[in-house]
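Chemist:
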Amino acid sequence: MKLSTKGRYAVMAMVDLARHAQAKPVSLSDIATRQEISLSYLEQLFARLRRAGLVKSVRGPGGGYRLARGSADTRVSDIILAVDEPISATRCTEMGATGCRADRSKCLTHDLWEELGNQIHIFLSSVTLLDVLERKLASRLLEAPAPANSDTMAAAS
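Heads up: the sequence shown runs through residues 1 to 157, numbered per the UniProt record's numbering.
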């Protein structure tokens, strides 16, 4: 699974906004410069983020954008979904009980990839902008349970 630039850039821009919007609104041109993202692309992303209620725009001199909620209350999954980025590891579309094959059946690994997508969504829903700003992700990953050793699993079979 690969997250497109739309989702990655939206998260990068929102983290930048969270870092720099303490005293005054932040202009998109400042974010574009710092993050090396096209200004026109950011304008498109922020229109979607605004419609989703994640940012507020401030007009006039010294205007720009602010977070609509605090960085501790803004989840990475909300940002990605706001820019229409699906969090999915399957090639299937939303089709309920039917699958991705021509005969509408599920491929052999469908459930594996679907669960991976669910786990990614759960993880991104647990991460806030504040977590990213405070670099809390590395410690969270270290606390995660270690995967079972393949040798141990083979011996148990």
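Where is the CB? At the ideal position from N, CA and C, for every residue including glycine.
(1) Please name the residue, chosen from ALA32, ASP73, GLY70 and ALA102, that lies closest to MET12 on a Cα-to-Cα basis.
(2) Which of the three DSSP states, helix, strand or coil, is assigned to LYS6?
(3) Would you decide whether GLY7 is buried or exposed? Buried here means 16 or more other CB atoms lie within 10 Å of its CB.
(4) What is the DSSP secondary structure of ARG50, reduced to helix, strand or coil?
(5) Using the C-alpha atoms, what's the distance from HIS110 back to LEU17?
(6) State yes or no: is the C-beta of ALA47 nearer than 7 Å to some heavy atom of the ligand COA?
(7) Under 8 Å between the Cβ atoms of VAL58 and ARG66?
(8) Applying the 10 Å Cβ sphere with the 16-neighbour rule, what's the burial state of LEU81?
(9) Rank THR5, ASP131, LEU3 and ILE120 by C-alpha distance to the C-alpha of GLY70 and give the top, closest one.
Modeler: Answer, in terms of the structure:
(1) On the sequence shown, residue 12 is found 12 positions in, with the first residue counted as 1. Comparing C-alpha distances from MET12 to each of ALA32, ASP73, GLY70 and ALA102 shows the shortest one belongs to ALA32.
(2) Position 6 of the sequence shown, counted from the first residue, corresponds to residue 6. Three-state DSSP puts LYS6 in a helix.
(3) Start at 1 with the first residue of the sequence shown, and residue 7 comes out as number 7. Buried, because 16 or more other Cβ atoms sit within 10 Å of the Cβ of GLY7.
(4) For this step, residue 50 is matched to residue 50 along the sequence shown. Judged by DSSP in its simplified three-state form, ARG50 adopts helix.
(5) Counting from one through the sequence shown, the residue named residue 17 turns up at place 17. Counting from one through the sequence shown, the residue named residue 110 turns up at place 110. About 37 Å.
(6) Summarising the ligand content, the structure contains no ligands, and the ligand COA is consequently not present.
(7) Within the sequence shown, numbered from 1, the residue matching residue 58 stands at position 58. Within the sequence shown, numbered from 1, the residue matching residue 66 stands at position 66. Yes.
(8) As a working note, residue 81 is residue 81 in the sequence shown. The residue in question, LEU81, is buried, as its Cβ has 16 or more Cβ neighbours within 10 Å.
(9) On the sequence shown, position 70 is the one that residue 70 refers to. Restricting attention to THR5, ASP131, LEU3 and ILE120, the CA atom closest to the CA of GLY70 is found in ASP131.
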